[in-house]
Amino acid sequence: SWTVLTLQKGERLSVRAGKSGSWAYLAFSGKLNVKDWLNSSSTHSTSGFGGGVLKTGQKFTLTDASNQENRIGPILKPNFYTNDLIHAVLGPQDQYFMNTAIKIFSNSIFKVSDNYDRMGMQLTGPKLELKSALSIPSEPVVKGSIQVSGDGIPTILLADHQTTGGYPKIATVISSDINRLVQLRSNQNVEFIIINSNEALQKTRKFLDMKEKYLQKISTSRGTLEQRLMSENLIGGVEFN
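Using the numbering used here, the first residue of the sequence shown is number 1, and each one after it goes up by one.
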């Protein structure tokens, strides 16, 4: 993982599950020859739009592929994903919940359920009680919205979420914590800490700044293999007589 390599025509790539995380990312130096939709090869698996779901044994054809020796090898693993609590901003319908539900939300340990995919992550744990068994007129939702069904079960909407929803939303996970959240596996703990919108903006700006610096660092040419070997102390500690 966290590496760049070159595959020749006909070679096979094997991907195995790691010790942690739920999602892996496979990038290509070239354009995938797949069906485009709205000028994108991205896939929405629920509707079937886009380039298609990755399957075992699938063959890839690339156009405009490039092979740059100065990119081959391991890349720096980002260290800006911490194991802190998940930050969330209350609302937009927190007023529909009992006061005890807000306290439970911010002071309890939830777990990731098996009902988890790119559309959403349902949590198990204490129920979040509504003031009444109600629904609201359907309205736009965003990635990170934590909607709560009538039985008090929270679900965090993710990348392939629906565009509108009629369940009250107790809070919204801040955007800079989403990538860390989605790498949790079933039965792992989720704990929330409530922050205000200004704090959310500060954390998001800090995250984006660290992300930009990281991308700049890994995009800097490391030179050819020969140049990299010459720059390493490969004989440190050896004495010659």
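Every residue, glycine too, gets a C-beta built ideally from N, C-alpha and C.
Taking 6 Å as the limit between beta carbons, can you name the residues of its chain near residue i, skipping five residues before and five after?
i, result
"F207", "S176"
"A200", "V89, I174"
"V238", "Any reading at V238 needs caution, since the residue's pLDDT is 48, under 50, leaving its predicted position unreliable; the model's value is listed next. Excluding residues within five positions, none has a Cβ falling inside 6 Å."
With burial defined as no fewer than 16 other Cβ atoms inside 10 Å of the residue's Cβ, what is the status of residue i: buried or exposed?
i, result
"P154", "buried"
"L13", "exposed"
"A171", "buried"
"V53", "exposed"
"K169", "buried"
"V112", "buried"
"F28", "exposed"
"Q58", "exposed"
Residue i by DSSP, collapsed to three states: which one?
i, result
"L208", "helix"
"D177", "helix"
"E199", "helix"
"V182", "helix"
"S113", "strand"
"S40", "strand"
"F28", "coil"
"F60", "coil"
"E139", "strand"
Going by DSSP, which residues form a beta bridge with residue i?
i, result
"G120", "L157"
"T172", "V89, S145"
"L130", "F97"
"E191", "E191 pairs with nothing; no bridge assigned."
"F49", "H44"
"V4", "G73"
Please report how far the alpha carbon of residue i lies from the alpha carbon of residue j, in whole angstroms.
i, j, result
"S182", "G120", "The sequence shown places Val at residue 182, rather than the Ser named in the question. Their Cα atoms are separated by approximately 9 Å."
"G166", "S132", "14 Å"
"D94", "D114", "26 Å"
"L85", "R180", "10 Å"
"T46", "K217", "36 Å"
"S162", "K77", "Correcting the residue identity first, residue 162 is Gln in this sequence and not Ser. Computed Cα separation, rounded: 32 Å."
"F192", "N39", "38 Å"
"W37", "G48", "11 Å"
"I75", "Y214", "11 Å"
Kindly list the residues whose CB is nearer than 7 Å to the CB of residue i, restricted to its own chain and excluding five residues on each side of it in sequence; keep chain order.
i, result
"T164", "S138, E139, P140, V141"
"S108", "G125, P126"
Measure from the C-beta of residue i to each C-beta in chain D and report whether the shortest distance is under 8 Å.
i, result
"G52", "Protein chains in the displayed structure number just one, and chain D is not present."
Can you name, in chain order, every residue of its own chain whose Cβ lies under 8 Å from the Cβ of residue i, other than the five neighbours on each side?
i, result
"V22", "The displayed chain sequence assigns Ser, not Val, to residue 22. Around S22: Y116, V182, Q183, L184, R185."
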